[in-house]
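Written out below as structure tokens is the structure these notes cover.
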Amino acid sequence: MEDTKRDIRALTKEELRSFFEANGDKAFRGNQVYEWLWNKGLHRFEDMTNLPKATREMLEAHFAINHIKVDVMQRSDDGTIKNAVRLHDGLLVESVLIPTENRTTACVSSQVGCSLNCSFCATARLKRMRNLLPDEIFDQVKVIDDQSKMFFGRPLSNIVFMGMGEPLMNYNNVLKAIDKITSEEGLGMSAKRITVSTSGVPKLIKKMADDGVKFKLAVSLHSAIDEVRTSIMPFNTQFPLSELREALSHWYQKTKNRITYEYVVWKGINDQKKDVDALIKFCKFAPSKVNLIEYNPIDDGNFQQAAAESLTMYQTMLEDAGITVTVRRSRGKDIDAACGQLANKAAKE
Ligand code: SAH
1 MEDTKRDIRA LTKEELRSFF EANGDKAFRG NQVYEWLWNK GLHRFEDMTN LPKATREMLE
61 AHFAINHIKV DVMQRSDDGT IKNAVRLHDG LLVESVLIPT ENRTTACVSS QVGCSLNCSF
121 CATARLKRMR NLLPDEIFDQ VKVIDDQSKM FFGRPLSNIV FMGMGEPLMN YNNVLKAIDK
181 ITSEEGLGMS AKRITVSTSG VPKLIKKMAD DGVKFKLAVS LHSAIDEVRT SIMPFNTQFP
241 LSELREALSH WYQKTKNRIT YEYVVWKGIN DQKKDVDALI KFCKFAPSKV NLIEYNPIDD
301 GNFQQAAAES LTMYQTMLED AGITVTVRRS RGKDIDAACG QLANKAAKE
């Protein structure tokens, strides 16, 4: 059966070269295949026209090329595109293209479902089924790069790991995908244009810093008070704010990169002065930016966007404390493509 064949894109260039040598062929064939797979994005061995027919058949017999497939593409009134992406084993994830005047941002998934249980997020309702493989993450980016060229006449400019899943819970594959995205053989994108968003796993934030990664970090904070954060992000009991802060401080010492906090203000949950005070105190240790995200309703009304005055209070107090604040408007809400709304709805209908 095809699915039992090894995915050839799990092999490094060196491994491909060794494979050919071990099979009595020349190592440079490995480079040729690698180029077809990554630079040209081929889906079929038979299209690798600079290889002899026998070689193509030999590859076919040994390997599969497990490309993702866009099942449904939805376009929002505001230009946002959401892709329901089918994986080789039939599972689904979603990825989103967000166009602005001079940027195209890809929002990609890192896991099928999610193991965290943030009570305001639609993805949390899907069980975590598995981690995405590096090439499944890469493919989402490639698809959006192609869509950007086709619909907007320009390549993709930025990538955010803010789709389904917790990227740090799939650390190795996310890093491998980013390597491929930034390498010349892949898409040659600058790591500075990539943001990994995490709900905050302290140990792995430290590891990232020690591994010398070059991309940016965003942390979904939502509250700097432990009791409040635990009530909406229950895993906070395992990784309390003090540990998160210590890990972020380590990140800053190593990378000297500003930290972005994602933050939704909800009515009756975190919309008081004491919440802003705690936030200011929490992020003082390093230059930081707070991104106030509009709440995208996902259900029955347990959560409601805070009043405009609360947002103004956050903005004023943060600015007075010397912290950069931005307010992020939702995009693609009409097609459930906005933050926290990714839940494979279209595919279910
Ligand atoms: N697991 C990662 C990345 C996915 S979520 C993380 O937690 O950062 C991307 C962002 O959307 C996070 O900041 C998340 O807190 C936010 N989010 C989740 N549900 C939301 C909702 N209903 N409305 C607005 N933002 C939401």
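When the letters of the sequence shown are read in order and numbered with full-length UniProt numbering, they come out as residues 1 to 349. Virtual Cβ for every residue (Gly too), placed ideally from N, Cα, C.
For this session: Check each candidate in His67, Arg329, Val72 and name the one with the smallest Cα separation from Glu262.
Result: Arg329
Problem set entry | Unbroken stretches of the beta strand (DSSP E), 3 residues or longer, contained in the region 175-235 | 194-198, 216-220
For this session: Report the residue from Ser223, Tyr34, Asp71 whose alpha carbon sits nearest the alpha carbon of Gln272.
Result: Ser223
Problem set entry | DSSP state of Cys121 mapped onto helix, strand, coil | coil
For this session: Have a look at Lys149 and Arg86 and give me their C-alpha separation to the nearest angstrom.
Result: 22 Å
Problem set entry | Cβ shell of Ile65 (< 8 Å), same chain only, five flanking positions each side left out | Asp7, Ile8, Arg9, Leu37, Leu42, His43, Arg44, Phe45
For this session: Label Gly163 either buried or exposed according to how many other C-beta atoms from any shown protein chain fall within 10 Å of its C-beta, with 16 as the threshold for buried.
Result: buried
Exercise. Is Ile298 near the ligand SAH, in the sense that its beta carbon is under 8 Å from a heavy atom of that ligand?
Worked result: yes
Exercise. Is Met164 near the ligand SAH, judged by its Cβ being under 8 Å from some heavy atom?
Worked result: yes
For this session: Note down the Cα distance separating Gly212 from His67, rounded to an integer number of angstroms.
Result: 30 Å
Exercise. How many Å lie between Val33 and Leu16 at the Cα?
Worked result: 8 Å
Problem set entry | Tyr295 - partner residues in DSSP beta bridges | DSSP output for Tyr295 lists no bridge partner at all.
For this session: Starting from the C-beta of Met129, find all residues in its chain whose C-beta is less than 7 Å away, skip the five residues before and the five after it, and write them out in chain order.
Result: Leu91, Val112, Gly113
Exercise. Rounded to a whole number of angstroms, what is the C-alpha to C-alpha distance between Asn296 and Ile98?
Worked result: 16 Å
Problem set entry | Residue nearest to Val290 in terms of C-alpha spacing, selected from Ser119, Pro167, Phe151, Met317 | Met317
Exercise. Quick one: is the Cβ of Gln341 within less than 8 Å of any heavy atom of the ligand SAH?
Worked result: yes
For this session: Compare the beta carbon distance of Ser110 and Asn173 with 9 Å and say whether it is the shorter of the two.
Result: yes
For this session: Under the assumption that Gln305 contacts Glu294 (Cβ atoms under 8 Å), give the Cβ distance between them as a whole number of angstroms.
Result: 7 Å
For this session: With Leu97 as the anchor, note down where its beta strand (DSSP E) starts and where it stops.
Result: 92-99
For this session: Sort out for me which residues DSSP pairs Lys69 with in a bridge.
Result: Arg86
Problem set entry | Per DSSP, the bridge partner or partners of Gly111 | A quick correction: the sequence has Gln, not Gly, at residue 111. Its beta-bridge partners are Asn131.
For this session: Specify the secondary structure class of Ile323 as computed by DSSP and reduced to three states.
Result: coil
Exercise. Under three-state DSSP, which class holds Lys289?
Worked result: strand
For this session: Can you grab the Cα-Cα spacing for the pair Thr80 / Asp277, in whole Å?
Result: 35 Å
Exercise. Is it the case that the CB of Ala338 approaches a heavy atom of the ligand SAH more closely than 8 Å?
Worked result: yes
For this session: Could you tell me the distance, in whole angstroms, from the CA atom of Asp47 to the CA atom of Asn31?
Result: 16 Å
For this session: Could you tell me how far apart the beta carbons of Ala122 and Ile269 are, in whole angstroms, since I believe they sit closer than 8 Å?
Result: The pair is not a contact, with the Cβ atoms about 18 Å apart (cut-off 8 Å).
Exercise. What are the boundary residues of the beta strand (DSSP E) that includes Lys262?
Worked result: The amino acid occupying residue 262 in the given sequence is Glu; Lys does not appear at that position. It spans 259-264 - the beta strand (DSSP E) in which Glu262 sits, taken as one unbroken run.
Problem set entry | Environment of Gly165 [buried if 16+ CB atoms lie within 10 Å] | buried
Exercise. CA-CA distance, Glu2 and Asp139?
Worked result: Its pLDDT being 45, under 50, Glu2 is placed unreliably in this model, and the coordinates cannot settle the point.
Problem set entry | Sub-9 Å separation of Asp25 and Thr55 beta-carbons | yes
Problem set entry | For Asp139, the three-state DSSP class (helix, strand or coil) | helix
Exercise. Going by the C-beta, is Leu116 closer than 8 Å to any heavy atom of the ligand SAH?
Worked result: yes
For this session: Using the DSSP secondary-structure output, state which residues sit across from Arg328 in a beta bridge.
Result: Ile293
Exercise. In its own chain, which residues sit with a C-beta less than 7 Å from the C-beta of Ile137, not counting the 5 before and 5 after it?
Worked result: Val108, Ser110, Asn173, Val174, Ala177
Problem set entry | Check whether Leu279 and Val327 have beta carbons under 9 Å apart | no
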